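Position one of the sequence shown corresponds to residue 0 (numbering that gives the first Met the number 0), numbered consecutively onward.
Cβ atoms here follow ideal geometry from the backbone N, Cα and C, with glycine treated the same way.
Quantities reported herein were computed from a predicted structural model and do not represent experimental measurements.
Worksheet: the structure to be examined is printed underneath.
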Amino acid sequence: MQRVRISSHQTPVHKLGDSQMTLSPKFRLAVMQLSLLDPSLELELSLRGEPLIPGLPDDVALNCLLRLPVESHAPCRAVCKRWHLLLGNKERFFTRRKELKLRDPWLFVFAFHKCTGRIQWQVLDLTHFSWHTIPGNALQG
Numbered sequence: 000m001q002r003v004r005i006s007s008h009q010t011p012v013h014k015l016g017d018s019q020m021t022l023s024p025k026f027r028l029a030v031m032q033l034s035l036l037d038p039s040l041e042l043e044l045s046l047r048g049e050p051l052i053p054g055l056p057d058d059v060a061l062n063c064l065l066r067l068p069v070e071s072h073a074p075c076r077a078v079c080k081r082w083h084l085l086l087g088n089k090e091r092f093f094t095r096r097k098e099l100k101l102r103d104p105w106l107f108v109f110a111f112h113k114c115t116g117r118i119q120w121q122v123l124d125l126t127h128f129s130w131h132t133i134p135g136n137a138l139q140g
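Structure follows, in structure tokens:
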């Protein structure tokens with residue numbers, strides 16, 4: 000085996016097909032540095048290992064995890080590295096939600112209005128915490 004000098008490091012040179020050929024740590028480090036520059040690449044590289052939720056395909060598991068409320072992200076990040084990468088960055092989390100065309104949930108309530116004495120549908124926008132009334136004629140359509 001012959002040694003060559005590459006950027007001040009001695010690296011072994013192997014013949015093509017050498018059964019003892021291994022990837023040097025230097026090259027793995029380069030991949031890690033590249034992934035730090037591109038967060039989406041970091042996420043994709045990390046997503047190739049263990050399944051997000053054992054027993055479920057990753058697309059189904061991702062669909063489930065993207066529905067987690069933001070308040071539960073902190074404890075869920077501790078589950079594993081993949082969950083930490085997905086839930087650790089809110090911008091990445093909401094970008095993935097948008098890519099899957101997930102919309103923010105609304106809570107529909109059938110309510111009694113004290114002033115008018117009428118029963119009506121109310122909608123709570125959980126993103127902006129604002130109530131909206133659905134007109135009765137909109138429900139007849």
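Determine whether the beta carbon atoms of residue 65 and residue 106 lie at a separation below 9 Å. no
CB of residue 132 within 9 Å of CB of residue 103, strictly: no
Per the DSSP calculation, residue 124 is bridged to which residue(s)? 105 and 129
Could you tell me which of 124, 68, 58 and 55 sits nearest to residue 93, measuring between CA atoms? 68
Continuous alpha helix (DSSP H) stretch holding residue 77: start and end: Unbroken run through residue 77: none, as it is neither H nor E.
Would you mind giving the Cβ-Cβ distance between residue 111 and residue 118, rounded to the nearest angstrom? I have them listed as a contact below 8 Å. 5 Å
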